[in-house]
Every structure is written in structure tokens, then in C-alpha cells.
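To convert, count from 1 in the sequence shown and add 42; that's the working numbering.
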Amino acid sequence: MKYNKLSKSDINDLATLVGKHNLFTENIDIEGYSYDESPLAERYYPKVVVKPNDSVTIARVLSFANEKKIPVIPRGAGTGVSGGAIPIHNGIVLSLEKMTRILEIDDKNFVAVVEAGLTLANLRTELEKYNLVYPLYPGELNATIGGNVATNAGGMNAVKYGVTRHHILGLEIVLPNGGIIQSGGKYVKNTTAYDLTQLVIGSEGTLAVVTKIILKLSSHKQTREVLLLPFTGLHNAIDAVPEILKLPITPVGLEFMEKDIINIVENYMGWEMPHHEYPAFLMIIMEAETPEVIMDYFQQVNAICREFGAIEGLIPDSERAKRRLLQMREKFYPSIKNYAKMELIDAVVPRSEIARYMNKVKELSRLYNIPIIGYGHAGDGNVHLHILCLGVTEIEWQNKLPELIKKIYQIAISFGGAISGEHGIGCTKKKYLPMQFNEDYIRTLKAIKKALDPNNILNPGKIIDLYD
Ligand SMILES: Cc1cc2nc3c(=O)[nH]c(=O)nc-3n(C[C@H](O)[C@H](O)[C@H](O)COP(=O)(O)OP(=O)(O)OC[C@H]3O[C@@H](n4cnc5c(N)ncnc54)[C@H](O)[C@@H]3O)c2cc1C
Numbered sequence: 043m044k045y046n047k048l049s050k051s052d053i054n055d056l057a058t059l060v061g062k063h064n065l066f067t068e069n070i071d072i073e074g075y076s077y078d079e080s081p082l083a084e085r086y087y088p089k090v091v092v093k094p095n096d097s098v099t100i101a102r103v104l105s106f107a108n109e110k111k112i113p114v115i116p117r118g119a120g121t122g123v124s125g126g127a128i129p130i131h132n133g134i135v136l137s138l139e140k141m142t143r144i145l146e147i148d149d150k151n152f153v154a155v156v157e158a159g160l161t162l163a164n165l166r167t168e169l170e171k172y173n174l175v176y177p178l179y180p181g182e183l184n185a186t187i188g189g190n191v192a193t194n195a196g197g198m199n200a201v202k203y204g205v206t207r208h209h210i211l212g213l214e215i216v217l218p219n220g221g222i223i224q225s226g227g228k229y230v231k232n233t234t235a236y237d238l239t240q241l242v243i244g245s246e247g248t249l250a251v252v253t254k255i256i257l258k259l260s261s262h263k264q265t266r267e268v269l270l271l272p273f274t275g276l277h278n279a280i281d282a283v284p285e286i287l288k289l290p291i292t293p294v295g296l297e298f299m300e301k302d303i304i305n306i307v308e309n310y311m312g313w314e315m316p317h318h319e320y321p322a323f324l325m326i327i328m329e330a331e332t333p334e335v336i337m338d339y340f341q342q343v344n345a346i347c348r349e350f351g352a353i354e355g356l357i358p359d360s361e362r363a364k365r366r367l368l369q370m371r372e373k374f375y376p377s378i379k380n381y382a383k384m385e386l387i388d389a390v391v392p393r394s395e396i397a398r399y400m401n402k403v404k405e406l407s408r409l410y411n412i413p414i415i416g417y418g419h420a421g422d423g424n425v426h427l428h429i430l431c432l433g434v435t436e437i438e439w440q441n442k443l444p445e446l447i448k449k450i451y452q453i454a455i456s457f458g459g460a461i462s463g464e465h466g467i468g469c470t471k472k473k474y475l476p477m478q479f480n481e482d483y484i485r486t487l488k489a490i491k492k493a494l495d496p497n498n499i500l501n502p503g504k505i506i507d508l509y510d
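Written as C-alpha cells, this is what we have:
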């Protein structure tokens with residue numbers, strides 16, 4: 043599809059709509075909007091970046107762009123790892139970074155109403171004052187709540203708390219034609235017509251711009267502890283997971299990791315992880331009303347894991363040691379990105395299939411002579427695989443990569459899994475969608491997109507290509 047280019051007079055009109063101080067065209071100002079955190083996605087520059095302060099201005103920008111047939115790319119903090127916020131058709135980047143207000147914290151209904159540009163870090167800090175929590179933890183605290191909604195972010199606490207869509211009660215969204223819609227409200231039950239809230243969650247900025255969010259909160263913080271279990275082999279560790287999850291209480295997080303990633307993060311942080319000589323680990327994060335409940339749970343987990351070849355698990359003996367352990371886990375992504383050129387795959391499989399999936403992935407790694415490091419959310423089957431550019435030349439790696447990725451997705455899908463567990467499709471994975479969905483499914487996705495965005499101006503080229 044051909045888009046119109048922004049003329050000088052269009053830019054002047056846009057400046058009138060958003061205010062001159064909220065519009066940027068100079069290279070130095072727009073360079074940071076040409077990429078996100080995806081490891082290999084190409085950079086594309088927008089023609090202009092706008093940073094509106096309110097929903098009505100966003101509606102005006104969209105209405106203008108729709109009429110002129112100019113692409114608009116919504117953007118939160120740019121921490122996405124699938125190229126979702128990259129302006130691959132140039133056009134207007136619509137940054138939510140000035141819409142950061144907490145509009146309401148309602149401790150009677152346990153909800154917060156926030157603007158979409160608020161960061162997860164700032165939400166958490168504010169909620170602490172009210173002894174309320176938003177229990178999700180999608181790894182990157184600088185991400186915006188709008189970005190979390192648009193990608194249906196998951197993270198480490200998903201085993202117990204699910205993913206973003208389970209915590210959103212309502213949205214204010216702006217449609218590509220400039221219409222403003224409120225969906226949902228401060229209530230949990232809702233069967234009033236099609237659920238537009240859930241349709242927009244995970245749509246990666248292709249159906250609407252999210253401007254306000256009604257979040258479901260939990261009433262109070264619980265005690266939280268971490269257990270690190272060193273295993274004699276990766277498969278022992280993974281095989282223990284279904285048994286742990288059979289216990290009557292569910293942990294908040296259940297992560298697995300291999301020695302390789304531990305060594306990389308140790309070098310990056312300059313710290314040592316206890317028992318780092320072991321080949322594989324499980325990290326269990328548990329919350330409960332009292333420490334006694336957690337310690338009792340950890341004892342049961344220890345007993346299970348010993349049957350799978352683990353040694354006695356380690357519980358950090360101070361807040362600092364606990365924080366360090368969790369921080370090491372949080373730094374996996376930046377440390378590996380710093381270590382080697384790599385591609386990231388976040389396919390998800392039923393958790394009972396993780397061991398078989400990892401076996402097959404390791405076979406492929408040997409076959410292609412390319413190291414693949416796996417770690418991640420064992421409790422929900424969302425394995426993060428890093429395909430490293432090591433041991434072969436960069437050209438060889440680039441030549442082998444597409445086939446290798448395709449084979450990994452084939453395996454995940456054959457085990458009943460899906461291409462992306464939490465990072466979304468963006469522009470980097472859309473070519474693999476037909477491996478998972480049949481033609482009717484893809485046609486339905488296109489029909490939805492076309493119904494909401496007939497001119498295909500909103501984040502075009504992400505998830506699906508409307509007009510091939
Ligand atoms: C170190 C690190 C750790 C991470 N850990 C996790 C993790 O554990 N779990 C996880 O799920 N993700 C994780 N991520 C990925 C990333 O943080 C999430 O995808 C996050 O939700 C993106 O938010 P953002 O504000 O940065 O969005 P952006 O990157 O700016 O945008 C992401 C997508 O959302 C769209 N979008 C953004 N804001 C809006 C809006 N207001 N309205 C409509 N569309 C919008 C964009 O167009 C784009 O398609 C991690 C990333 C990093 C770098």
C-alpha cells in the first residue's frame with residue numbers, strides 16, 4: 043500500500059494540532075524513535091514524532107492522518123523486542139511519553155485509572171503508598187502500562203497471576219478515524235456486547251491507540267521469598283516443574299536457567315551466583331501471608347526436587363541477597379545482548395512439553411553448530427531462546443538463521459505451542475504466522491483490522507500485512 047508523505051504544510055498543520063513544543067522533526071530528536079529493543083530489527087526513521095498530552099489531541103492527530111493516509115505508530119517506552127514500535131513505513135510516531143498521570147487510585151474497588159504512558163516502575167512506587175499492588179511483573183520496569191496492554195505482556199509472575207489481559211478492567215481507546223471509546227469499567231463481570239477491551243489488548247497498536255487504562259489491583263503485599271535449586275542437568279530441572287505445580291499452592295514465578303546464562307550474567311554484573319558450577323537451576327518465587335507458609339512450601343519443593351537430582355535449595359539469608367538473586371535474573375536479557383549478537387525467540391509450549399521442546403532445540407543447535415541458550419518462565423511454558431552468533435562467521439550465521447528459526451517454530455507448534463508467548467509479533471515474526479494459523483484465521487485477523495482501520499494507517503506492517 044502506498045502512503046502519502048508528510049509535506050511541510052502537513053507538518054505545520056500537525057504542529058497546530060499538538061502544539062509546536064510537542065512536535066519533533068530534527069534527526070537528533072527522532073533518532074531514538076527509529077528502533078526498539080529487538081536485537082536484529084532494522085532501523086526506520088519517522089518523518090515526525092508527536093508527544094500529545096491528552097486523548098482529544100491524539101484523536102485529532104489520528105483523524106488528520108487518516109484523512110491524509112499517513113501512517114501513525116503508537117509508542118510507549120520502546121522496550122518491545124519484536125519491532126512493534128519501529129516506524130517501518132516512516133510517517134508519524136505518536137509517543138505516549140507525556141501521558142503519565144495516575145488519574146485515580148480507588149481503594150474501595152481496588153482499581154487504578156492511569157494514562158497509557160505511565161511506566162510500570164512509577165505505578166509500583168505510587169501504589170506502595172496505598173498498600174496496594176499491581177501483581178504483574180513483565181521484566182522491564184521502564185515499559186509503559188500502555189505498552190504492556192498493547193503487547194499483553196507477561197513476565198515472571200504469570201504462573202500465579204496470569205498476564206496483562208487478566209488485570210485490565212477497561213480502556214479508553216482512540217480509533218484510527220479519531221473516535222474515542224470507553225470500554226469496560228470498575229467492575230469485574232461484564233458480558234455487555236463484544237469485548238473491545240480484550241480485542242485491543244495484545245493488538246500491538248494496530249487497532250487503536252490506548253490512552254487510559256483501568257487496572258485491577260490486589261489488596262496488599264504479601265511476604266515474598268526466593269528458592270534457588272541447583273540441578274545436575276537441565277532435563278532433571280524441567281522434569282521437576284510439573285511435579286512442583288501439583289502442590290496445592292501455586293508459586294508466583296517458576297523460572298529455569300542454564301549454567302551458560304549464569305556465567306554470562308555473572309560477568310555482566312560482576313557478581314557470583316551461589317552454586318554456579320551446577321549445569322541447571324530452577325528459581326521459585328513464592329508469596330504468602332506468613333514466612334512460615336513459604337518455608338513449609340519450600341520444604342515440599344526441596345523434597346520433590348531432590349528426587350530429580352537437585353541439591354538442597356538455597357534461600358537467600360538477607361533482603362540484599364534476595365534482591366541480588368532476582369536482579370541477576372532480571373539482567374539476563376541485557377547481559378546476553380551485551381555478550382554476543384543474537385536473535386531472541388519466545389515461543390510458548392504447554393509446560394509439560396518444555397523438556398521435549400528443549401531436547402529438540404539442543405539437537406538443532408548441534409546440527410547447525412550454533413549455540414542456543416534457553417531460560418525462562420518454566421511455570422508457564424514460555425521459554426526464551428537466544429540464538430547466538432558464535433562459533434560461525436556472521437555471514438554463515440545470518441544464512442542459517444531463517445531456517446533454524448523456522449524449525450524451532452515448527453517444533454513448538456507441533457507440541458501444541460505458539461510463536462510468541464509474551465513479546466508479540468511486531469514486524470519481526472509476522473512472516474511465521476501462517477505456520478500457526480490457517481487461511482481462515484488469517485482472513486479473520488485481516489477482517490478485524492480492516493473493519494477498524496480501513497485505510498491501514500495505524501502501525502501498518504505489524505502482525506499482518508493487510509494488503510499483500
Ligand atoms: C530487559 C527487558 C525485559 C523484558 N521482560 C519482559 C517480560 O518479562 N515480559 C514481557 O512480556 N515483556 C518483556 N519485555 C518486553 C517489553 O518490555 C514489553 O513488550 C513491554 O510491554 C513494551 O512496553 P513499551 O512501553 O516499551 O512499548 P513499546 O516498545 O513502545 O511498544 C510495543 C508495542 O505496543 C504498541 N504500543 C505502545 N504503547 C501503545 C499505546 N498506548 N496504544 C497502542 N499501542 C501501543 C507499539 O506500537 C508496539 O507495537 C522485556 C524487554 C526488555 C528490554
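Quick reminder that beta carbons are idealized off the backbone N, C-alpha and C, glycines included.
### Task
Please indicate yes or no: does the CB of Leu138 lie closer than 7 Å to some heavy atom of ligand 1?
Because some heavy atom of ligand 1 lies under 7 Å away, the Cβ of Leu138 counts as near it: yes.
Where Tyr417 sits in the DSSP three-state scheme: Residue state, collapsed to three classes: strand.
I want to know whether the region 387-403 touches the region 353-367 - three or more CB-CB distances under 8 Å. no
| When we look at the beta-carbon of Glu285 and count the other beta-carbons within 10 Å, is it buried (16 or more) or exposed? | exposed
Point to revise | Beta-carbon separation (whole angstroms), Ser76 vs Val123, contact threshold 8 Å | key: At roughly 16 Å, the Cβ-Cβ gap does not stay under 8 Å, so Ser76 and Val123 are not in contact.
Next item on the list: Kindly identify the DSSP beta-bridge partner or partners of Lys2.
Entry: In the structure as shown, the chain begins at 43 and stops at 510. Residue 2 is therefore absent and cannot be evaluated.
>> From the DSSP secondary-structure annotation, give me the bridge partner or partners of Ile387.
In response: Leu427, per the DSSP bridge assignment.
Q: Could you tell me if Thr121 is buried or exposed, where buried requires 16 or more neighbouring beta carbons within 10 angstroms of its beta carbon?
A: buried
- Task: Verify the contact flag: Lys491, CB atom, against every heavy atom of ligand 1, threshold strictly below 7 Å.
- Result: no
Let me make sure I understand the geometry here. Which of Asn219, Ala235 and Thr486 has the alpha-carbon closest to that of Ser225? Ala235
Who are the Cβ neighbours of Tyr128 in its own chain at under 8 Å, not counting the five residues just before and after it?
-> Looking at the sequence itself, residue 128 is Ile, so the reference to Tyr does not match. Once the five neighbours on either side are set aside, the close Cβ partners of Ile128 are Ser76, Tyr77, Asp78, Ser80, Ala83, Glu84, Arg85, Tyr86, Ile115, Gly468 and Cys469.
How far does the beta strand (DSSP E) with Glu146 in it reach, from first residue to last? Ile144 to Asp148
Name the two residues that bound the continuous alpha helix (DSSP H) containing Arg117.
First-last for Arg117: Val114 to Arg117, but that is the beta strand (DSSP E), not the alpha helix (DSSP H).
task: Report yes if the CB atom of Asn497 is closer than 8 Å to the CB atom of Pro88, and no otherwise.
output: no
Taking C-alpha atoms, which residue in Leu160, Pro293 and Met325 lies nearest to Ile255? Leu160
TODO: Measuring alpha carbon to alpha carbon, tell me which of Asn151, Ala250 and Leu178 ends up nearest Arg117.
DONE: When the alpha-carbon of Arg117 is set against those of Asn151, Ala250 and Leu178, the nearest one is in Ala250.
| Closer than 7 Å: is that where the CB of Glu182 sits relative to any heavy atom of ligand 1? | yes
Say the cut is 7 Å; is the CB of Tyr375 nearer than that to a heavy atom of ligand 1? yes
**Q.** Element boundaries [beta strand (DSSP E), containing Phe457]
**A.** Premise fails: Phe457 is in no beta strand (DSSP E) and is neither H nor E.
Collapsed DSSP secondary structure at Arg284 in the structure displayed:
Residue 284 is actually Pro in this sequence, not Arg. Helix.
- CB of Met315 within 8 Å of CB of Ile304, strictly: yes
Using DSSP bridges, identify the partner residues of Phe66. Val91
| query | Leaving out five residues before and five after Leu95 in sequence, what residues of the same chain have Cβ atoms less than 6 Å from its Cβ? | reply | A small fix is needed here, since residue 95 is Asn in this sequence, not Leu. Within the same chain, Asn95 has close Cβ partners Lys140.
Q. Would you call the region 186-197 and the region 406-415 in contact, with 3 or more CB pairs under 8 Å?
A. no
Looking at the unbroken beta strand (DSSP E) that takes in Met325, where does it start and where does it end? Ala322 to Ala330
Could you check which residue in Ala420, Asp422 and Ile429 has the C-alpha nearest to that of Ser407? Ile429
Discussion item. Counting only beta-carbon separations shorter than 8 Å, does Pro502 have a partner in chain D?
Written reply: Note that chain D does not occur in the displayed structure, where there is just one protein chain.
Jot down the residue ranges of each uninterrupted alpha helix (DSSP H) in the region 145-227, minimum 4 residues, whole runs only, in chain order.
Counting only unbroken stretches of 4 or more residues, the alpha helix (DSSP H) elements lying wholly within the region 145-227 are 162-170, 187-193 and 200-203, in sequence order.
Notebook entry, point to check: How many Å lie between Ala154 and Lys258 at the Cα?
Noted result: Rounded to whole angstroms, Ala154 to Lys258 spans 7 Å at the Cα level.
Count the CB pairs spanning the region 377-384 and the region 415-433 that are closer than 8 Å, and state whether there are at least three. yes
**Asked** Taking the continuous alpha helix (DSSP H) assigned at Ile134, which residues delimit it?
**Response** Per DSSP, Ile134 belongs to no alpha helix (DSSP H); it is in the beta strand (DSSP E), Ile134 to Ser137.
Is the beta carbon of Ala200 less than 8 Å from the beta carbon of His419? yes
Buried or exposed for His262, please, with buried defined as at least 16 other CB atoms from any protein chain shown within 10 angstroms of its CB.
Here His262 is exposed: its Cβ has fewer than 16 other Cβ atoms, across all protein chains shown, within 10 Å.
Identified DSSP bridge partners for Val252: Ile215
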